[in-house]
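Down below is the structure, laid out as structure tokens.
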Amino acid sequence: MSGESTANRQPDQGPSNNISAAQIRDDYERRLREPARQAEREQREDAVEEEEYDDNSTETPEERKKRKRNQAATLAKIKQSKEFARRKARRAGEPDDDDDELAREMMYQKSRPLPGQLENCELCSKRFTVTSYSKTGPNGGLLCGKCSKEIENEEKKSKPKKTGPKTGRRQNQSKILDGIAAQGSPSLKVADNINDIEEFGDLPAPLLHRLSQIMSKRRILTPRTLQLFLHSDLDSINIYDCGKLETDDFEKIFAFMPSLVNVNLRFAGQMKDRVLDYMTQRQLKLRQLQLDSSNLISDSCWRQLFKTLGPQLEALRLSNLDSSFDDQTAVIMSENCTNLRRLKLIECWKLTDKAIVAVSNLSKLEHLSLQLCETIKPEKVTNLIDKLGANLRTLSLKKFHQVNDISLESIHKNCHRLEKLRFSDNAVCTDKGFAGLFTNWSNPPLKFIDVSSTRDVDNANPDGPEDPVGLASEGFIALMKHSGSRLESLDISSCRHVSRSAFESVFSEGQIYPCLKNLDISFHRVIDDFLVSAIFKCCPAIKKLISFSCSNVSNVRVPAGVALVGGLRAQDSIIVEGA
3 MSGESTANRQ
13 PDQGPSNNIS
23 AAQIRDDYER
33 RLREPARQAE
43 REQREDAVEE
53 EEYDDNSTET
63 PEERKKRKRN
73 QAATLAKIKQ
83 SKEFARRKAR
93 RAGEPDDDDD
103 ELAREMMYQK
113 SRPLPGQLEN
123 CELCSKRFTV
133 TSYSKTGPNG
143 GLLCGKCSKE
153 IENEEKKSKP
163 KKTGPKTGRR
173 QNQSKILDGI
183 AAQGSPSLKV
193 ADNINDIEEF
203 GDLPAPLLHR
213 LSQIMSKRRI
223 LTPRTLQLFL
233 HSDLDSINIY
243 DCGKLETDDF
253 EKIFAFMPSL
263 VNVNLRFAGQ
273 MKDRVLDYMT
283 QRQLKLRQLQ
293 LDSSNLISDS
303 CWRQLFKTLG
313 PQLEALRLSN
323 LDSSFDDQTA
333 VIMSENCTNL
343 RRLKLIECWK
353 LTDKAIVAVS
363 NLSKLEHLSL
373 QLCETIKPEK
383 VTNLIDKLGA
393 NLRTLSLKKF
403 HQVNDISLES
413 IHKNCHRLEK
423 LRFSDNAVCT
433 DKGFAGLFTN
443 WSNPPLKFID
453 VSSTRDVDNA
463 NPDGPEDPVG
473 LASEGFIALM
483 KHSGSRLESL
493 DISSCRHVSR
503 SAFESVFSEG
513 QIYPCLKNLD
523 ISFHRVIDDF
533 LVSAIFKCCP
543 AIKKLISFSC
553 SNVSNVRVPA
563 GVALVGGLRA
573 QDSIIVEGA
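Quick note: the sequence shown uses our numbering, first residue 3, plus one each step.
Below you can see the structure in the form of structure tokens.
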């Protein structure tokens with residue numbers, strides 16, 4: 003029974019069993035090749051007819067007209083083919099690039115072999131099997147696989163590379179994090195070919211400064227490239243990455259540039275005593291000196307420098323000094339650098355209270371920036387402000403952890419010319435102290451304020467005590483009432499006790515802060531899309547808003563030309579209105 007049923011089923015299944023995938027593919031390729039074979043057949047017939055006409059002059063006028071019509075039709079078909087277009091492109095610029103002539107050449111060439119047949123390569127004469135992917139050679143023949151790849155590689159090399167600014171996603175993200183929201187002109191290409199440049203010529207000083215910044219960022223400032231910046235007629239040098247320079251290179255700077263007035267050398271780890279000794283011997287007219295990470299210079303050498311060049315110095319910036327520059331050196335500095343108007347001491351490990359007392363004797367100071375590693379007594383800081391506050395235009399006190407409200411009262415009482423105030427990383431001053439500082443303060447509105455990380459740091463009580471520590475709601479409202487009209491940059495990040503109602507009051511409808519360009523509100527849990535939108539409305543000039551760890555900022559519309567950095571979906575927020 004089963005055998006009978008099997009026999010009955012065989013006629014129905016026979017046709018399907020005999021059809022394979024290879025047969026289907028061959029049928030499809032045969033249908034694709036049929037028009038080409040028809041054209042080739044007509045070409046051969048026309049060619050035979052023309053040969054016969056050459057040998058037999060008995061062709062009638064009617065037959066001649068018919069043959070010419072067929073030939074014209076065949077040439078027209080050839081001119082519309084892709085192969086004709088490719089050959090015409092290869093022959094562009096040659097003297098005999100006539101379309102009709104090229105079409106006739108193609109018409110008389112031998113027909114293309116079908117896939118599966120054997121053929122000799124036009125270039126290397128190697129025998130190979132023709133496939134539907136076999137490429138045509140320069141003279142109309144077919145090419146083997148190896149020669150086809152070589153031809154493709156040559157064509158790729160001959161194509162001109164696209165030029166223009168390359169701004170990928172990573173570069174755009176970097177610009178946004180740097181606060182560059184607007185697209186500008188492409189950066190200079192000098193850094194890419196710096197090893198081929200022998201000299202910069204008579205470039206202006208601002209452009210040299212910019213080139214130094216670019217090269218320092220790319221870590222390509224070496225003893226050789228340093229030579230490009232050494233011009234005897236310049237009075238200023240700014241090198242932001244001296245990590246690859248040796249001691250001799252620093253001496254070369256002062257030897258080649260005797261007119262130096264401003265010296266700015268960062269990461270100058272190989273600057274030693276003999277470099278400063280050479281500076282003093284050259285009797286430079288130095289007025290501004292900024293050195294970073296120069297830890298190989300001894301205290302005795304620093305003291306000799308201040309005794310020799312100290313009276314002419316007007317600006318001194320020293321940073322990241324861990325093995326030298328102690329309190330006694332600071333005392334000698336204050337005794338000899340009596341004309342200092344700008345002083346910055348950042349991360350100088352050996353300085354203590356005695357150094358603060360010494361700095362307080364520099365009565366001509368207008369710009370003061372301090373960040374020390376040792377714990378400083380609050381009364382020393384208050385005494386410093388009492389003595390220098392009346393003349394100060396910028397004051398930066400960072401990581402003075404023990405300073406209290408009395409120092410804020412001293413700032414309120416003595417400082418009447420400040421344009422910039424940084425008072426950050428403190429967990430002692432209260433919100434009432436900050437409110438008292440900005441309330442009825444006779445100082446003009448500030449342009450720059452940084453009171454970041456002033457808050458209570460008890461992790462067990464994230465909301466803080468009843469009387470808020472650090473900048474909180476009252477202090478923030480008083481700050482904006484005092485300086486909001488001229489404020490250009492504000493950093494209140496990590497001041498976590500500012501309430502939502504305070505933000506709504508400051509950035510309410512009708513409030514305008516016309517100069518505010520940079521605002522950092524990171525680590526404020528109350529910030530959301532509504533408050534960010536209110537900030538954009540109240541700050542028409544804003545360029546950069548930083549909102550790291552503001553998890554409620556997720557789907558805000560960002561105005562054109564503004565960089566929103568941070569938030570839950572910061573990279574989505576880069577899509578801006580009006581872009």
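Glycine residues also receive a C-beta, built at the ideal position from the N, C-alpha and C atoms.
* Asked: Leaving out five residues before and five after K246 in sequence, what residues of the same chain have Cβ atoms less than 8 Å from its Cβ?
  -> Closer than 8 Å at the Cβ level, and outside the excluded window around K246, lie R221, L223, T224, P225.
* **Segments of 3+ residues assigned as beta strand (DSSP E) that fall wholly inside the segment 514–544** => Unbroken beta strand (DSSP E) stretches of 3 residues or longer found wholly inside the segment 514–544: 520–522, given in chain order.
* **DSSP state of T396 mapped onto helix, strand, coil** => Looking at T396 - three-state DSSP - the assignment turns out to be strand.
* Can you tell me where the beta strand (DSSP E) with D582 in it begins and where it stops? -> The shown model of the chain, from 3 to 581, leaves out residue 582, and the question about it has no answer.
* Neighbour-count burial assignment, E103, 16 or more Cβ in a 10 Å radius -> An exposed status is given to E103, since fewer than 16 other beta-carbon atoms sit within 10 Å of its beta-carbon.
* To do: Over the uninterrupted alpha helix (DSSP H) stretch that includes V567, give me the two end residues.
  => Following the DSSP letters along the chain, one finds V567 in no alpha helix (DSSP H) but inside the beta strand (DSSP E) bounded by residues 565–568.
* Cβ-based burial, S127 [other Cβ within 10 Å; buried from 16] -> By the beta-carbon neighbour count (other beta carbons within 10 angstroms, threshold 16), S127 is exposed.
* Asked: beta strand (DSSP E) containing F130: first to last residue?
  -> Boundaries of the beta strand (DSSP E) around F130: 129–131.
* Assuming G312 and C350 form a contact by the criterion Cβ under 8 Å, report the distance between their Cβ atoms to the nearest whole angstrom. => Distance from G312 to C350 at the Cβ level is roughly 17 Å; contact not present, criterion being Cβ atoms closer than 8 Å.
* DSSP state of Q25, grouped into three classes? -> Here Q25 sits in helix by DSSP.
* What is the rounded straight-line gap between the Cα of D324 and the Cα of R268? -> In a straight line, the C-alpha of D324 is about 15 Å away from that of R268.
* Return the bridge partner residues of C350 from the DSSP annotation. => Beta-bridge analysis with DSSP links C350 to L323, L374.
* Given D329 as reference, the closest of I544, L347, L353 once Cα atoms are compared -> L353 is the residue among I544, L347, L353 whose C-alpha sits nearest the C-alpha of D329.
* Asked: On the premise that S496 lies in contact with R527, defined as a C-beta separation below 8 Å, what is that separation, rounded to the nearest angstrom?
  -> Between the beta-carbon of R527 and that of S496 there is about 11 Å, and that puts the pair past the 8 Å contact cut.
* Asked: With distances taken from CA atoms, which of T377, N266, P260, L342 is nearest L364?
  -> Among T377, N266, P260, L342, the Cα nearest to that of L364 is on L342.
* Asked: Can the beta-carbon of A423 be found closer than 8 Å to that of L448?
  -> Here residue 423 is Leu; the residue named in the question, Ala, does not match the sequence. Yes, Cβ-Cβ distance for L423 and L448 is below 8 Å.
* Would the C-beta of K415 count as close to the ligand ATP, meaning under 7 Å from any of its heavy atoms? -> By its list of ligands, the structure shown contains no ligand whatsoever, and the ligand ATP lies outside what it can speak to.
* Asked: Between V459 and A429, which are expected to be in contact by the criterion C-beta below 8 Å, what is the C-beta distance as a whole number of angstroms?
  -> Correct: roughly 5 Å between the Cβ atoms.
* Asked: If we ignore side chains and look at the alpha-carbon of each, how far apart do T310 and V263 end up?
  -> Computed Cα separation, rounded: 15 Å.
* To do: With DSSP collapsed to three states, give me the class of D493.
  => Reduced to three states, the DSSP call for D493 is strand.
* Asked: Going by other Cβ atoms of all chains shown within 10 Å of its Cβ, with 16 needed for buried, is G512 buried or exposed?
  -> Exposed, because fewer than 16 other Cβ atoms sit within 10 Å of the Cβ of G512.
* With respect to the beta strand (DSSP E) encompassing N385, which residues constitute its N-terminal and C-terminal limits? -> That residue, N385, is in no beta strand (DSSP E); its alpha helix (DSSP H) goes 380–390.
* Where N266 and N297 are concerned, what is the direct C-alpha to C-alpha distance, given to the nearest angstrom? -> Taking the straight line joining both Cα atoms gives about 16 Å.
* If G477 and A437 are in contact, beta carbons under 8 Å, what's the gap, nearest whole angstrom? -> The distance from the Cβ of G477 to that of A437 is about 5 Å, consistent with a contact at the 8 Å cut-off.
* **For S336, the three-state DSSP class (helix, strand or coil)** => Helix at S336.
* Pairwise C-alpha distance: I408 and E468 -> Distance from the CA atom of E468 to the CA atom of I408, rounded to whole angstroms, is 20 Å.
* Asked: Helix, strand or coil: how does DSSP classify T331 here?
  -> Note: T331 maps to helix in three-state DSSP.
* **Burial state of K546, where buried means 16 or more other Cβ atoms lie within 10 Å** => Of the residues assessed, K546 falls on the buried side of the cut-off, its CB having 16 or more other CB atoms within 10 angstroms.
* Any idea if H484 is buried or exposed, counting beta-carbon neighbours within 10 angstroms, 16 or more meaning buried? -> Taking all protein chains in view, the Cβ of H484 is crowded by 16 or more other Cβ atoms within 10 Å, so the residue is classified as buried.
* **Length of the line joining the Cα atoms of V567 and F550** => Our two residues, V567 and F550, have alpha carbons roughly 7 Å apart in a direct line.
* Along the chain, where does the beta strand (DSSP E) that runs through F450 open and close? -> 450–452 is the extent of the beta strand (DSSP E) around F450.
* Given A360 as reference, the closest of F86, K379, E376, I334 once Cα atoms are compared -> Measuring from the Cα of A360, the nearest candidate turns out to be I334.
* In or out: Y135 buried (at least 16 other Cβ within 10 Å) or exposed? -> Answer is exposed; the Cβ neighbour count stays below 16.
* G271 versus S321 - alpha carbon distance -> Rounded to whole angstroms, G271 to S321 spans 12 Å at the Cα level.
* For E421, which of helix, strand or coil comes out of DSSP? -> Of the three classes helix, strand and coil, the one that applies to E421 here is coil, per DSSP.
* Presumed contact (8 Å Cβ cut-off) between L236 and I199, rounded CB distance -> That belief does not hold up - the Cβ atoms of L236 and I199 are roughly 18 Å apart, past 8 Å.
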